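Worksheet: one structure, shown below.
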Amino acid sequence: ELETTVSQSLYDIQESPTNKNEQFGKILTTLHISSARSIPLKGNKQAILIIVPFIEHQKWRDIQKRVILNLEKKLGSSVFIIA
Numbered sequence: 219e220l221e222t223t224v225s226q227s228l229y230d231i232q233e234s235p236t237n238k239n240e241q242f243g244k245i246l247t248t249l250h251i252s253s254a255r256s257i258p259l260k261g262n263k264q265a266i267l268i269i270v271p272f273i274e275h276q277k278w279r280d281i282q283k284r285v286i287l288n289l290e291k292k293l294g295s296s297v298f299i300i301a
């Protein structure tokens, strides 16, 4: 369920009018996620850990900051991306 939510959120970010015609949106269409997990934090908070294929790690790093900011807004949790 979490993977579906993350995937849908990434798709929404990719297809948003501000990103669709930019290089950011074009790069995002070529990337994949391997899995997504919820990780408990102190104070009953949750973080989302997104695992991406290692071969795509450099491409993810190039857009990681913007992706994380958008996902944190959409999902309301801290987001981390690892390969």
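In the numbering used here, each number is its position in the sequence shown, counted from 1, plus 218. A virtual CB, placed ideally from N, CA and C, is assigned to each residue, including glycine. None of the values given here were measured: they were computed from a predicted structure.
Exercise. Can you give me the Cβ contacts of His250 inside the same chain, cut-off strictly under 8 Å, excluding the 5 residues immediately before and after it?
Key: Val270, Pro271, Glu274
Self-check item: CA-to-CA distance, Pro258 to Leu228, given in whole angstroms
Solution: 22 Å
Quiz item: Helix, strand or coil: which one does DSSP assign to Leu259?
Solution: strand
Self-check item: Pick from Asn262, Glu240, Leu246 that is closest to Gln226, judged by C-alpha positions
Solution: Leu246
Quiz item: Which residue comes first and which comes last in the beta strand (DSSP E) that contains Val297?
Solution: 296-300
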